[in-house]
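Below is one structure; the comments refer to it alone.
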């Protein structure tokens, strides 16, 4: 274990007690079974190597982190003019599953792609004639980012089914948007794709590699190949900064100051920057105990301390 990994291990030990102040996302029944004191962090360095500490080998579902990646995918396929004709780019102080702003906005498009309504609109754009083909396309995109065969990018069927059966509010959001011409297609098919998209299983290393790609302007950290166009990366990172941490995005920007995206599984994807002392790095964090906003309570503290310790040098 090198010095940086020793420091990371100390930070994980320091932050793990915060898990006792949170709770797992039991409104999705399958997520309620996850051990609540898990905490791990992987950092993908500029050359593609990793430093890590804690429970980094534990697999978890990607959940709302997939919103940022699906946005990358549709921007690459359709371009920003079309995508942002269906979904906005403004932050909201409302809860991630709120329907209120849809009713208040004319036209009735979601304010941004990181709330549920916006993410559902984005998912509805994924290419494919069937739900099976659509989720395959998204898995193939993730496989390219992770440099693995598509067969290794799988989703947790129990979690997907659990979400599919308890997602009436998301169905309501889709019916409302379809009524107003924001989305097209079968509501249950979109829900099927969305719940499987959110149930894709990854680990901290996968998250960190994706963060490294985003921090490196879309390039593979090992080969230098462009995996995501630079302009798409810039757009997605900007939206992650303003909207990526639910209605705690402003606080996260002040305390951490990195583009980030969280999920209710306890996942946090974040991209590094020069001020951290480690330029072009990606962070993958997992801590399933959540705060009241739906973010990993120990994971948020861990990122805050990482930034504080390194910027104070």
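Numbering (my numbering), first residue to last: 161 to 473.
Beta carbons are placed, not taken as given, at the ideal position from N, Cα and C, and that holds for glycine.
7 Å CB neighbourhood of residue 486 in its chain, flanking five on each side removed: This structure cannot settle anything about residue 486, because the visible part of the chain is limited to 161 through 473.
Sufficient close CB pairs (3 or more, under 8 Å) joining the region 386-394 to the region 317-336: no
Own chain, CB closer than 6 Å to residue 164, minus 5 neighbours either side, in chain order: For the purposes of this step, residue 164 is taken as the residue at position 4 of the chain shown. Cβ neighbours of residue 164 beyond the five flanking positions: 211.
CA-to-CA distance, residue 230 to residue 248, given in whole angstroms: As a first step, residue 248 must be located in the chain shown, where it is residue number 88. As a first step, residue 230 must be located in the chain shown, where it is residue number 70. Using only the alpha carbons, I get a separation of about 15 Å.
Outcome for residue 178 when other beta-carbon atoms lying within 10 angstroms are tallied against a minimum of 16: The residue given as residue 178 occupies position 18 in the chain shown. Result: buried.
DSSP three-state assignment for residue 210, whether helix, strand or coil: Counted from its first residue, the chain shown places residue 210 at position 50. If DSSP states are grouped into helix, strand and coil, residue 210 belongs with the strands.
Limits of the unbroken beta strand (DSSP E) element including residue 453: The sequence position of residue 453 within the chain shown is 293, counting from 1. Residue 453 -> no beta strand (DSSP E), and no H or E assigned at all.
Residue 448 beta carbon less than 8 Å from that of residue 431: For this step, residue 431 is matched to residue 271 along the chain shown. For this step, residue 448 is matched to residue 288 along the chain shown. Taking 8 Å as the Cβ cut-off, residue 431 and residue 448 do not qualify as a contacting pair.
Cβ pair count under 8 Å reaching 3, the region 342-351 against the region 374-386: no
Through-space distance from residue 408 to residue 461, alpha-carbon basis: What you label residue 461 is simply residue 301 of the chain shown in a count that begins at 1. What you label residue 408 is simply residue 248 of the chain shown in a count that begins at 1. Going by the C-alpha atoms only, they are around 13 Å apart.
DSSP bridge partner residues for residue 325 (one or two, in chain order): In the chain shown, the residue the question calls residue 325 occupies position 165. Partner(s): none; residue 325 has no beta bridge.
C-beta atoms of residue 313 and residue 303 nearer than 8 Å: As a working note, residue 313 is residue 153 in the chain shown. As a working note, residue 303 is residue 143 in the chain shown. For residue 313 and residue 303, yes; Cβs fall inside 8 Å.
Selected residue, minimal CA-CA separation from residue 445, among 198, 166, 326: One-based indexing of the chain shown puts residue 445 at position 285. When only C-alpha atoms are compared, the closest one is 198.
For residue 349 and residue 171, the rounded distance between their alpha carbons: Mapped onto the chain shown, residue 171 falls at position 11. Mapped onto the chain shown, residue 349 falls at position 189. Cα-Cα distance, rounded: 43 Å.
Beta-carbon contacts of residue 301 that lie in its chain and below 6 Å, excluding the five residues immediately before and after: As a working note, residue 301 is residue 141 in the chain shown. Excluding positions up to five away in sequence, the list reads 233.
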